[in-house]
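All residue numbers for the sequence shown refer to my numbering, where the first residue is 8 and numbers rise by one. Below is one structure, written out as structure tokens; the observations come after it.
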Amino acid sequence: MAKSPKERSLSELDDFLTRGGFTRAKRPKGALERQRSQKPTTSQPRRSKAPKAKAKPKLASIEILQAEWNLPWLVHAFSTRGGGKSTAFGRTQDLNLGFSKHDNREAVAKNRAAFLKQAGAAELTLISPKQIHSNIVHVLESATPPASTITADGLITNVPGLLLTIQTADCVPVLLVDAKRKAIGAFHAGWRGTVARIVEKGVGAMRVTFGSDPRDIRAAIGPCIGQCCYAVGEEVVGEFHSQFSYADSLFKPYFEDDPIKLKYPLLFLTARAPGHSNLGPQIHLDLVEANRRQLLDAGLKPKNIWSAGACTSCNTDRFFSYRKEAGFTGRMMSVIGLRQ
Ligand SMILES: [Zn+2]
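Okay, here's the thing in structure tokens:
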């Protein structure tokens, strides 16, 4: 069987070292797979696919992710990447839902229309805030859309006909619904918003504004960067430790996954002064767990917290990932609304 370029370079290195009288260290089995896999925290996401269009059989369908809430008066969905008209980010059928200078406005508008149709939300009034990594939660009290763009990272309402939206590409989108009071919320939680307790604050805002009992609130955590891929610096670790007594449980050391370095660690260790090795562990943050903890602290029942369980950075064929694609990528949209 033909070897991949990576396998070929490894076997060449093996031969070279054998000729030189060296023996190699064994690479841990499944090391790559272990770091890259991320299991869903609860049930598997339900996927809904559009039937194939007969006129254009080559166009991929739009995949949306939904929690199994079965509330007929509610619309909610997390978008994914395929089935769109955008070509700005190196692919031909990207469903980019974020307007930006990089992508064609018309394509994004078509993508949005197709996604909203697929989500059953085409009739609702779309509310898209300017997100600033804060803990600002805005209450929408009227069916009339606001005259100017709202600056916030959380939206809540009990007004039917409005579609609350959050845009992400790695950050955590969280949707909330109080099934008893028919109130909803949408939140954007990157690491800064998470440290600022945007989700915890959002549940509090629903309690104060709508009289929601957290035990009636269900949460859906959408696709975001997994702990497998989310290396952070010391300042992030410090910020979390200053805010959360459970901060330790949110971080885990991950080791280098370059197969050549894993096979020949000594070659790389001896080349660097002590303390300057790049083989040491990187600290990875679990943003999903951080937000799950906040939801639990706010009074939600564990069984009412659903997670898509998919890492955006591991799956750029299926999701946009700001970090994996070095900032040049599209945006996914998370939406929730009360039907009229
Ligand atoms: Zn990952």
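Note that CB positions come from ideal geometry on N, CA and C, so glycine has one too.
Whose C-alpha, out of Lys92, Lys187, Trp76, Val144, is nearest the C-alpha of Ala120? Distance from the Cα of Ala120 is smallest, within the candidate group Lys92, Lys187, Trp76, Val144, for Lys92.
Using a Cβ-Cβ cutoff of less than 7 angstroms, which residues in the same chain neighbour Phe217 once the five nearest sequence positions on both sides are dropped? Asn165, Asp185, Arg188, Ala190
Going along the chain, which residues put their C-beta within less than 5 angstroms of some heavy atom in ligand 1? Gly233, Cys235, Cys236, Cys318, Ser320, Cys321
Determine the contact status of Ala203 and Ile173, defining contact as a CB-CB distance below 9 angstroms. no
Taking 7 angstroms as the limit between beta carbons, can you name the residues of its chain near Ala150, skipping five residues before and five after? Val166, Gly168, Leu169
So His248 is in the alpha helix (DSSP H); what residue range does that whole segment cover? 241-250
Would you report the Cα separation of Asn298 and Ile134, rounded to the nearest angstrom? 23 angstroms
Any chance the region 337-345 sits against the region 72-91, with 3 or more Cβ pairs inside 8 angstroms? yes
Rounded to whole angstroms, what's the CA-CA distance from Gln73 to Tyr271? Just pull it up for me. 44 angstroms
Out of Pro180, Glu113, Ser249, Ser252, point me to the one whose CA is closest to Ser4's CA. Any property of residue 4 remains undetermined from this structure, which presents the chain solely from 8 to 347.
Tell me whether the beta-carbon of Met213 lies closer than 9 angstroms to the beta-carbon of Ile224. Their beta carbons are under 9 angstroms apart, which means Met213 touches Ile224 by this criterion.
Nearest CA to the CA of Leu183: which residue from Val144, Leu257, Ala154? Val144
Which of the three DSSP states is assigned to Leu302 in this structure? helix
Counting pairs of Cβ atoms below 8 angstroms between the region 226-243 and the region 325-332, do you hit three or more? yes
Check whether Phe85 and Pro230 have beta carbons under 9 angstroms apart: yes
Does Lys10 pass the burial test, meaning 16 or more other C-beta atoms within 10 Å, or should it be called exposed? In this prediction, Lys10 has a pLDDT of 49, which is less than 50 and means its spatial position is unreliable; what the coordinates show is noted afterwards. Under this definition Lys10 is an exposed residue.
Comparing C-alpha positions only, which one of Gly306, Ala116, Gln301, Pro79 sits nearest to Glu368? The structure shown has nothing for residue 368, since the chain only spans 8 to 347.
Pairwise C-alpha distance: Ser252 and Asn118: 42 angstroms
Beta strand (DSSP E) runs contained entirely in the region 174-229, provided each spans 3 or more residues: 179-185, 190-196, 224-228
Taking the beta strand (DSSP E) that Ala159 falls in, what are its first and last residues? Segment: none, Ala159 is in no beta strand (DSSP E) and carries neither H nor E.
Alpha-carbon spacing of Ser141 relative to Asp160, whole angstroms: 6 angstroms
Helix, strand or coil: which one does DSSP assign to Asp255? The answer is helix: DSSP assigns Asp255 an H, G or I state.
Reducing DSSP to helix, strand and coil, say where Thr113 ends up. The question names Thr, yet the displayed sequence has Glu at residue 113. Three-state result, Glu113: helix.
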